[in-house]
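Residue numbers (the numbering used here): 7 to 167. The C-beta atom is built at its ideal place from N, Cα and C for all residues, glycine as well.
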């Protein structure tokens, strides 16, 4: 090998790498506690969305990121349905500094998973015979920045479990 080839190979080994390995549903649940009576009422829904992410280091440079969307829809005072999806992905991530790795796992990966989770949740709700539930896009970069600020104020540091 020439010096130029050695340099190119060395740079390739230390260059940041990101690759999506797999996207899958980790957990899924749907509950309609007031059915069938809820279908006979005037429909005036109030939607509450809870969103959460978690990351876990796997072997080598592989990481699992799980995006959880939990939706509770009330019709008046009664719960019409509760739906939850845990959309997960396995990502190969190499050669990132700590700040870039934290941002990738906390914002970039959830951005990739969100459309899948949103579509799964919508399908689940319509299979329960409720109107379609199309969630608005989520700005994971802004959520990540807010969480980072909260952690800095609390003196915490981001970690991968």
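Option in the options with minimal Cα separation from residue i
i           : options           : result
residue 80  : 55, 147, 161, 112 : 55
residue 76  : 61, 43, 149, 139  : 139
residue 136 : 68, 67, 87        : 87
residue 133 : 108, 60, 89       : 89
residue 50  : 84, 62, 42, 160   : 84
residue 36  : 126, 149, 143     : 126
residue 97  : 78, 64, 103       : 64
Under 8 Å between C-beta atoms of residue i and residue j
i           : j           : result
residue 146 : residue 121 : no
residue 71  : residue 111 : yes
residue 92  : residue 74  : yes
residue 130 : residue 29  : no
Distance between residue j and residue i (C-alpha atoms, nearest Å)
i           : j           : result
residue 32  : residue 24  : 22 Å
residue 69  : residue 22  : 15 Å
residue 99  : residue 107 : 8 Å
residue 101 : residue 34  : 33 Å
residue 39  : residue 66  : 44 Å
residue 162 : residue 144 : 25 Å
residue 193 : residue 94  : With the chain covering 7 to 167 only, the question about residue 193 has no answer from this structure.
residue 123 : residue 114 : 15 Å
For residue i, the three-state DSSP class (helix, strand or coil)
i           : result
residue 153 : helix
residue 3   : Residue 3 is absent from the structure shown; the chain starts at 7 and stops at 167.
residue 21  : coil
Residue i - partner residues in DSSP beta bridges
i          : result
residue 94 : 30, 72
residue 77 : 55, 89
residue 37 : 88
residue 61 : 71
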